[in-house]
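Take the sequence shown: its letters are residues 26 to 201, numbered as in the working numbering.
Notes for the one structure printed next.
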Amino acid sequence: MSSPNLIARVALVAGLALSLSACFRPLHGPTPSGLTLQTELASIEVPEVEWPLRLANAGHYLRSELIFALNGSGSEIPKRYSLRLAFTESQTSPIVDSQYGTASSVIVGGTLTYTLTTLDGSTVITQGTATSTASFDRFPQRFANIRAARDAEIRLAKDLAAQVRTRLSAVLATRS
């Protein structure tokens with residue numbers, strides 16, 4: 026390849042990069058409303074949800090992780106938004122021990138549907154669905170299985186909360 030051809034390609038790439046640089050807004054920069062993104066996220070209320078009994082633990086972990094992800098500082102920020110949640114969980118056992126006929130591992134799947142509205146609920150800001158999975162191994166000890174299942178639910182809740190926080194950040198960073 027000749028040197029002028031290489032210089033032309035580098036100049037083309039640099040020109041494209043500079044021309045597109047104004048099209049992007051940094052995610053953690055100031056928002057159009059003038060508030061910081063962290064303040065916008067902290068102004069989201071995550072109300073209590075009456076989960077069905079089989080989802081009570083996972084729902085509790087999920088709500089706690091969302092509150093921490095949105096306002097980890099714990100500071101009292103006036104609420105401007107409300108986040109409504111709907112959560113489903115499933116468990117599958119892809120590997121079964123042929124000798125005992127019991128599952129040797131479990132995959133816990135979760136689907137979180139969320140809707141961010143104004144505090145009075147009159148305007149929907151954004152809505153979406155986040156999905157994730159977490160797995161754990163089963164053991165002969167019953168209490169080890171209970172703890173492993175709980176740890177998998179906590180990992181699932183953390184992952185779903187991180188997905189929702191990222192998606193809400195992207196929306197609120199551009200909302201005036």
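Glycine included, C-beta positions come from ideal geometry on N, C-alpha and C.
Note that the structure is predicted; figures quoted are calculated from it, not measured.
- Message: Per DSSP, what are the beta-bridge partners of residue 134 in this structure?
- Response: Paired residue(s): 115, 158.
- Item | Residues near residue 91 in its chain [Cβ-Cβ closer than 6 Å; skip 5 each side] | Only 71, 186 meet the Cβ criterion.
- Is residue 198 helix, strand or coil when you go by DSSP? In this structure, residue 198 counts as coil in the three-state DSSP scheme.
- Message: By the DSSP assignment, the alpha helix (DSSP H) with residue 90 in it spans what residues?
- Response: That run of the alpha helix (DSSP H) goes 81-95.
- Which term fits residue 69, buried or exposed, when burial requires 16 or more other beta carbons within 10 angstroms of its beta carbon? When all chains shown are included, residue 69 counts as buried.
- Apply the 10 Å Cβ neighbour rule to residue 206 and answer buried if 16 or more other Cβ atoms are within range, or exposed otherwise. Lying before the first or after the last residue shown, residue 206 is absent from the chain, which here runs from 26 to 201.
- Touch check for the segment 150-157 and the segment 165-174: three-plus C-beta pairs under 8 Å? Output reads no: the segment 165-174 does not touch the segment 150-157.
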